[in-house]
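Q:
2 protein chains.
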Amino acid sequence: MGTRVEVVQPEASGIESLEAYLERQRSKINQCLDEVFQEPRNPVTKAACYSLFSASKRIRPIFALEVCRAICGDENKAMPVAQALEMLHTYSLVHDDLPAMDNDDLRRGKPTNHKVYGEARAILAGDGLLTKAFEVLAGSGSAPDLVRIRWIKVLAIAAGMDGMVLGQDMDIGVEEPASLELLESLHRKKTGALLSASVVMGAIAAEAPRPTVEALREFAMDMGLAFQIQDDVLDVIGGKELGKTAKSDEKNEKLTYVSLLGLDKAGAEGKRWYQKALDVLRTLSFPHSHRLEELTRFVIERKF
Amino acid sequence: MGTRVEVVQPEASGIESLEAYLERQRSKINQCLDEVFQEPRNPVTKAACYSLFSASKRIRPIFALEVCRAICGDENKAMPVAQALEMLHTYSLVHDDLPAMDNDDLRRGKPTNHKVYGEARAILAGDGLLTKAFEVLAGSGSAPDLVRIRWIKVLAIAAGMDGMVLGQDMDIGVEEPASLELLESLHRKKTGALLSASVVMGAIAAEAPRPTVEALREFAMDMGLAFQIQDDVLDVIGGKELGKTAKSDEKNEKLTYVSLLGLDKAGAEGKRWYQKALDVLRTLSFPHSHRLEELTRFVIERKF
Chain A
1 MGTRVEVVQP EASGIESLEA YLERQRSKIN QCLDEVFQEP RNPVTKAACY
51 SLFSASKRIR PIFALEVCRA ICGDENKAMP VAQALEMLHT YSLVHDDLPA
101 MDNDDLRRGK PTNHKVYGEA RAILAGDGLL TKAFEVLAGS GSAPDLVRIR
151 WIKVLAIAAG MDGMVLGQDM DIGVEEPASL ELLESLHRKK TGALLSASVV
201 MGAIAAEAPR PTVEALREFA MDMGLAFQIQ DDVLDVIGGK ELGKTAKSDE
251 KNEKLTYVSL LGLDKAGAEG KRWYQKALDV LRTLSFPHSH RLEELTRFVI
301 ERKF
Chain B
305 MGTRVEVVQP EASGIESLEA YLERQRSKIN QCLDEVFQEP RNPVTKAACY
355 SLFSASKRIR PIFALEVCRA ICGDENKAMP VAQALEMLHT YSLVHDDLPA
405 MDNDDLRRGK PTNHKVYGEA RAILAGDGLL TKAFEVLAGS GSAPDLVRIR
455 WIKVLAIAAG MDGMVLGQDM DIGVEEPASL ELLESLHRKK TGALLSASVV
505 MGAIAAEAPR PTVEALREFA MDMGLAFQIQ DDVLDVIGGK ELGKTAKSDE
555 KNEKLTYVSL LGLDKAGAEG KRWYQKALDV LRTLSFPHSH RLEELTRFVI
605 ERKF
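Line order of the protein sequences matches chains A and B.
The first sequence lines up with residues 1 to 304 when you count with this note's numbering.
The second sequence lines up with residues 305 to 608 when you count with this note's numbering.
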C-alpha cells in the first residue's frame, strides 16, 4: 500500500536504507490499522477505509514510532498513537477536500472521498475517523491510564479549535495583505500542530521526562514548517507522484510560501527551519537518533 | 438561555417543580459550558459557540447529572460528562443540518450554523466541538484516570462509526421497503447510542458497579426510542416551539415512525418503550430515582 519513495543509499553496507525502513514501517502501520478495521461492516466504515488505506507517506505515525524508539528502545509502545494519528490525519484530508472547503478531486493518487461516496458520507466518514482516533487511544492495550490520558489531551488540543481546525479555518478565510508571519502562524496550526503532537505523543509513550517532551515539541514545530514549505514547493513543481491535483493551490488562489516568496526563497526558508529542527534534536543527544535525523532530512528532501 | 417548558405541577407543596428543576440544571450546565468557552478567541470557536449556546433542552447532560446523583448523591462528579455530551450533541446537529445532509435552515429557533457562517466554517465548527468533547473528558478536574478512560471509550463508541455516525448514515441512505425493525435499528444508533452514553457515563462518574451500568444502558436505549418517536410526532404536530423547521421530515421525505405507523400508533409505540424503560429503572431501586422517573416521563410527554 506504501507510496513509491526515492531511493536513498544506505550509509554503510549492512545498514537498512531509509527507503527500506520507511516501507517496513508503513507496512507495519498498515497492518495495525487493518486490525482495527477488519472487514468493514457498514458503508460509512468502508468509505473511511477507502481514504485510510490509500497510498500514504504515514509520516506522522512513523515519527511517533521513531521518537518512542529513540527514547526507550521499544517503538511498539507508540503503536496506538500511530494508528490514531493516521486516522486523525485522514479525517482532516477528507474534510479539507470537500467542495465547501478546498474542493479537490484527487488525493493520494485517487479520487477524493466525496467524489466516490458523495458529500454526506464523506463528512460522516471523516467524523467517524476523528472519533475512532480517540477510541483507539482510550482502549489501547497495555499503556498506563495516565499515558492514555496525556495522549488524548495532546491530540485533542493539537487537532482542535485552537490547533488544526483553526489552521484550516484560517487557511480558508485568509485575506490580503498576507505576510510571512500570518502564513507561519497558519501553518503552525494547520500542519505543525499535528506533526508536533505526533512527536510529543511518541515521547509520552516512552514516558520521557517533561523537559525532553517540551524540547521535542519545539523540534517538531520547526520541522512542521519545513514540511509545509516543501508541500507548497511540491504543489508547484510536483507531477503525478504528488498524488493530489498539482497546482491546486494556484487554482484555489491560495496563499502559499511559493506565492509569497517565490520558489527559490521558499526553498531556502524550508532549509532554515529544517536546520533549526536538527539543532534542537542534536542537543537532546538520544543514543539512537540517527533515524530521526534521517527522517527530518527526508521531510525537506522528499519529492512527493 | 433555556428553552420554555410546559408548566408541570409540583407533586407536593415545597418540592421543586420539574420545570424549575430543568431550568436550574440548564442554567448550571450553561455556566459550566461558559467556563470552557470564555471569550471565544477566533471565528471558528465563535461559530461553535453560536450553536452550543442556542436554546437547548440539554436533555443529555441533565440525564447524566441526574443518574450520577441518583447513584452517589453528588451530581457534580458528572459535570465534565455534561459538558462533553452537549458539545458532541451540538456537533452532530451542526453537521446533520448541512446542505449535503438534511439541508435544514432552522435549528433551536435560529438559522442553522452554515446559514450564518457558511458551510466550510460550519463543518470545522462541528469538527472542533467533537474534538473538544474528548479534551474536556481527558482534562477534567478530579475524576480518577480510569473513570476518564471509561468515559472516553463509551462516548467514542457511542458517537462513532458503529453508533451515531452510522445511524446518521443509515438515515440519509434509507430506502424502501422500510420496516419498523429497520427504523428501530436506525434510531438505536442515531439517537439511542448517545442518550445511552449519557446515562452510562453518569453511572461511571458515580463509580457504579458494572451490572448497574448495564441495566442503565438498557433503560437508556428504550428511553431513546421513546424520545425519537416523540421527536417524529412533534415534527408533524409541533409549531414554533419546536425550534426547527416543522415538517422538515416530510419535506425531506424521511422515513419516520409517523410516516410508517401514523400519528396514533406512533404515539402508542412511544408509550410502550417509555413503560419498558420505566420498568428497568424501577428494578434498580435507587434511593433517589424520583427525578429520574420524572425525566423519563418528560421525554415522552414533552411538547418541544
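In this text, a Cβ means the ideal position worked out from N, Cα and C, and glycines have one as well.
These figures come from a predicted structure and were not determined experimentally.
Could you tell me the alpha carbon to alpha carbon distance between Leu397 (chain B) and Lys580 (chain B), rounded to whole angstroms?
A: Locating residue 397 (chain B) in the second sequence gives position 93, where the first residue counts as 1. Locating residue 580 (chain B) in the second sequence gives position 276, where the first residue counts as 1. Roughly 28 angstroms between the two C-alpha positions.
Q: Quick one: Cα of Gly408 (chain B) to Cα of Asp34 (chain A), how far?
A: Within the second sequence, numbered from 1, the residue matching residue 408 (chain B) stands at position 104. Within the first sequence, numbered from 1, the residue matching residue 34 (chain A) stands at position 34. First, the amino acid is wrong: residue 408 (chain B) is Asp here, not Gly. If I take the Cα positions, the gap works out to 37 angstroms.
Q: According to DSSP, simplified to helix, strand and coil, what is Leu559 (chain B)?
A: Within the second sequence, the letter at position 255 stands for residue 559 (chain B). DSSP places Leu559 (chain B) in coil when its eight states are reduced to three.
Q: Measuring alpha carbon to alpha carbon, tell me which of B:Arg425, B:Ala463, B:Arg576 ends up nearest Ile604 (chain B).
A: In the second sequence, residue 604 (chain B) corresponds to position 300, counting from 1. Cα-wise, what sits closest to Ile604 (chain B) is B:Arg576.
Q: Looking at the structure shown, is Pro347 (chain B) part of a helix, part of a strand, or coil, going by DSSP?
A: In the second sequence, the residue the question calls residue 347 (chain B) occupies position 43. Of the three classes helix, strand and coil, the one that applies to Pro347 (chain B) here is helix, per DSSP.
Q: I'd like to know if His399 (chain B) contacts chain A, where contact means its C-beta is closer than 9 angstroms to some C-beta of that chain.
A: Here residue 399 (chain B) corresponds to residue number 95 of the second sequence, with the count starting at 1. Closer than 9 angstroms to some Cβ of chain A, the Cβ of His399 (chain B) qualifies, so yes.
Q: What is the DSSP secondary structure of Arg210 (chain A), reduced to helix, strand or coil?
A: Counting from 1 along the first sequence, the entry for residue 210 (chain A) is found at position 210. In the structure shown, Arg210 (chain A) sits in a helix (DSSP, three-state: H, G or I).
Q: Could you run through the segment 174-205 of chain A and flag, in chain order, every residue whose CB is less than 9 angstroms away from some CB of chain B?
A: none
Q: For Lys544 (chain B) and chain A, any beta-carbon pair shorter than 9 angstroms?
A: Counting from one through the second sequence, the residue named residue 544 (chain B) turns up at place 240. The predicted model places Lys544 (chain B) with a pLDDT of 43, which falls under 50 and marks its position as unreliable; any figure quoted below should be read in that light. Cβ-Cβ to chain A under 9 angstroms: no for Lys544 (chain B).
Q: Could you check what DSSP says for Pro99 (chain A) in three-state terms: helix, strand or coil?
A: As a position in the first sequence, residue 99 (chain A) is number 99, starting the count at 1. Coil.
Q: Flag this pair as yes or no: are the beta carbons of Ile149 (chain A) and Ala442 (chain B) separated by less than 9 angstroms?
A: Mapped onto the first sequence, residue 149 (chain A) falls at position 149. Mapped onto the second sequence, residue 442 (chain B) falls at position 138. For Ile149 (chain A) and Ala442 (chain B), yes; Cβs fall inside 9 angstroms.
Q: According to DSSP, Arg107 (chain A) sits in a beta bridge with which residue or residues?
A: For this step, residue 107 (chain A) is matched to residue 107 along the first sequence. Partner(s): A:Lys110.
Q: Classify Met161 (chain A) as helix, strand or coil using the three-state DSSP reduction.
A: Taking the first residue of the first sequence as 1, we reach residue 161 (chain A) at position 161. Correct three-state label for Met161 (chain A): coil.
Q: Please name the residue in A:His95, A:Leu65, A:Ser27, A:Cys32 whose C-alpha comes closest to that of Ser51 (chain A).
A: Counting from one through the first sequence, the residue named residue 51 (chain A) turns up at place 51. The residue with the shortest Cα to Cα distance from Ser51 (chain A) is A:His95.
Q: Starting from the Cα of Arg297 (chain A), find the closest Cα among A:Lys265, A:Val200, A:Gln230 and give me that residue.
A: As a position in the first sequence, residue 297 (chain A) is number 297, starting the count at 1. Residue A:Gln230 is the option with its Cα nearest to Arg297 (chain A).
Q: In chain A, which residues lie with their C-beta within 8 angstroms of the C-beta of Pro347 (chain B)?
A: Sequence index remark: in the second sequence, residue 347 (chain B) carries index 43 (1-based). Simply Asp169, Gly173.
Q: To the nearest angstrom, how far is the alpha carbon of Leu567 (chain B) from that of Gly574 (chain B)?
A: Numbered from 1 along the second sequence, position 263 holds the residue referred to as residue 567 (chain B). Numbered from 1 along the second sequence, position 270 holds the residue referred to as residue 574 (chain B). Linking Leu567 (chain B) to Gly574 (chain B) through their CA atoms gives a straight-line distance of about 11 angstroms.
Q: Using a Cβ-Cβ cut-off of 6 angstroms (strictly less than) and excluding sequence neighbours within five positions of Ala84 (chain A), which residues of its own chain qualify?
A: Working through the first sequence from its first residue, we reach residue 84 (chain A) at position 84. Result list for Ala84 (chain A): Ala133, Val136, Leu137, in chain order.
Q: At a Cβ threshold of 9 angstroms, is Thr131 (chain A) touching chain B?
A: Residue 131 (chain A) sits at position 131 when you count from the first residue of the first sequence. Yes, because at least one Cβ of chain B sits closer than 9 angstroms to the Cβ of Thr131 (chain A).
Q: For Tyr578 (chain B), which option in B:Gly413, B:Leu588, B:Glu597 has the closest C-alpha, if you only look at C-alpha atoms?
A: Looking up residue 578 (chain B) in the second sequence gives position 274. Closest in C-alpha terms to Tyr578 (chain B), from the list B:Gly413, B:Leu588, B:Glu597, comes B:Glu597.
Q: Between A:Leu166, A:Ser140, A:Ile123, which has its C-alpha nearest Met79 (chain A)'s C-alpha?
A: As a first step, residue 79 (chain A) must be located in the first sequence, where it is residue number 79. Among A:Leu166, A:Ser140, A:Ile123, the Cα nearest to that of Met79 (chain A) belongs to A:Ser140.
Q: Can you look up Arg272 (chain A) in the DSSP assignment and give me helix, strand or coil?
A: The sequence position of residue 272 (chain A) within the first sequence is 272, counting from 1. Arg272 (chain A): helix per DSSP, three-state reduction.
Q: Let me know the alpha helix (DSSP H) ranges lying completely inside the segment 114-146 of chain A, each 4 residues or longer, listed in chain order.
A: 119-138
Q: I'd like to know whether the C-beta of Val165 (chain A) is nearer than 9 angstroms to at least one C-beta of chain B.
A: Working through the first sequence from its first residue, we reach residue 165 (chain A) at position 165. By this cut-off, Val165 (chain A) is an interface position.
Q: At the 9 angstroms Cβ level, is Met101 (chain A) part of the contact set with chain B, yes or no?
A: In the first sequence, counting from the first residue as 1, residue 101 (chain A) sits at position 101. So yes, Met101 (chain A) belongs to the interface.
Q: Should Leu255 (chain A) be labelled buried (16 or more other beta-carbon atoms within 10 Å of its own) or exposed?
A: For the purposes of this step, residue 255 (chain A) is taken as the residue at position 255 of the first sequence. The residue is buried, with at least 16 neighbouring Cβ atoms inside 10 Å.
Q: What residue range does the alpha helix (DSSP H) around Pro61 (chain A) cover?
A: Residue 61 (chain A) sits at position 61 when you count from the first residue of the first sequence. Per DSSP, Pro61 (chain A) belongs to the alpha helix (DSSP H) from 59-72.
Q: Please go through the same chain and pick out, in chain order, the residues whose beta-carbon is closer than 7 angstroms to the beta-carbon of Val348 (chain B), but skip the five residues on each side of it.
A: Here residue 348 (chain B) refers to the residue found at position 44 of the second sequence. Sequence-distant Cβ neighbours of Val348 (chain B) in its own chain, meaning closer than 7 angstroms and more than five residues away, are Arg425, Leu428, Ala429, Gly432.
Q: Which residues of the segment 105-126 of chain A have a Cβ closer than 9 angstroms to any Cβ of chain B? Give them in chain order.
A: His114, Gly118, Glu119, Ala120, Arg121, Ala122, Ile123, Leu124, Ala125, Gly126
Q: Grab me the residues of Ala70 (chain A)'s own chain with a C-beta within less than 7 angstroms of its C-beta, minus the 5 sequence neighbours each way, in chain order.
A: As a position in the first sequence, residue 70 (chain A) is number 70, starting the count at 1. Counting only Cβ-Cβ distances below 7 angstroms, and skipping sequence neighbours, we find Phe286, His288, Ser289, Leu292.
Q: Please confirm whether Phe134 (chain A) has its beta-carbon closer than 9 angstroms to some beta-carbon of chain B.
A: Working through the first sequence from its first residue, we reach residue 134 (chain A) at position 134. Yes - at least one Cβ of chain B is within 9 angstroms of the one on Phe134 (chain A).
Q: Is DSSP giving Arg297 (chain A) helix, strand or coil here?
A: In the first sequence, counting from the first residue as 1, residue 297 (chain A) sits at position 297. Three-state DSSP puts Arg297 (chain A) in a helix.
Q: Determine the extent of the alpha helix (DSSP H) in which Gly506 (chain B) is found, giving its start and end residues.
A: Within the second sequence, the letter at position 202 stands for residue 506 (chain B). Where Gly506 (chain B) is concerned, the enclosing alpha helix (DSSP H) stretches over 497-509.
Q: Check whether the Cβ atoms of Val385 (chain B) and Ser502 (chain B) sit closer than 9 angstroms, and answer yes or no.
A: Taking the first residue of the second sequence as position 1, residue 385 (chain B) is located at position 81. Taking the first residue of the second sequence as position 1, residue 502 (chain B) is located at position 198. For Val385 (chain B) and Ser502 (chain B), yes; Cβs fall inside 9 angstroms.
Q: Beta carbon of Phe63 (chain A), beta carbon of Asn30 (chain A): below 9 angstroms?
A: Here the question's residue 63 (chain A) lines up with position 63 in the first sequence. Here the question's residue 30 (chain A) lines up with position 30 in the first sequence. No, the pair does not count as a contact, with Cβ atoms beyond the cut-off.
Q: I'd like to check one pair, Leu588 (chain B) with Ala519 (chain B): are the Cβ atoms closer than 9 angstroms?
A: Indexing the second sequence from 1 puts residue 519 (chain B) at position 215. Indexing the second sequence from 1 puts residue 588 (chain B) at position 284. It is a contact, given that the beta carbons lie within the stated cut-off.
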